[in-house]
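Before any comments, here is the structure.
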Amino acid sequence: MIDVKTAVNAAYEYLKSLQDIMGSSLPDLRLEEVELSEDQSFWLITLGFDKPEKSLSNIFSTSRTSERVYKLFKVNSQTGEVEAMKIREV
Numbered sequence: 000m001i002d003v004k005t006a007v008n009a010a011y012e013y014l015k016s017l018q019d020i021m022g023s024s025l026p027d028l029r030l031e032e033v034e035l036s037e038d039q040s041f042w043l044i045t046l047g048f049d050k051p052e053k054s055l056s057n058i059f060s061t062s063r064t065s066e067r068v069y070k071l072f073k074v075n076s077q078t079g080e081v082e083a084m085k086i087r088e089v
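Below you can see the structure in the form of structure tokens.
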């Protein structure tokens, strides 16, 4: 079984590889939560990052507002492969 550090790195690298598709950088990317499934077949990794809100008022404002976005990754505990990614609602 892979260790937690390997699982987190797999999720992180997967998300970074999608950065161009998502159309923005991932400011303040952080590990939010880690959980091993009861049957130990996969790791659930939650990563969070700030998504700047786009509006005309933000363009002229000196203070920036952002929304925290969370992604949940299902990482196979044997292979270290990311099997799924979804938006995590908080």
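The sequence shown begins at 0 in numbering that gives the first Met the number 0 and counts up by one. C-beta: ideal position from N, C-alpha, C; glycine also. These figures come from a predicted structure and were not determined experimentally.
Only residues of its own chain outside the window of five on either side were considered, and among them V33, W42, I44, V74, S76, G79 have a CB closer than 8 Å to the CB of A6, listed in chain order. Looking only at I1, M0, Y11, the smallest Cα-Cα distance to F48 is reached by Y11.
Spanning the alpha carbons of K4 and L30 requires a straight line of approximately 11 Å.
DSSP places L43 inside the beta strand (DSSP E), whose first and last residues are 41 to 51. Looking at the DSSP output, N75 bridges to F41. If you compare the alpha carbons of L35, S40, L46 with that of E88, the shortest gap goes to L46.
A straight line joining the alpha-carbon of D38 with that of K85 spans about 21 Å.
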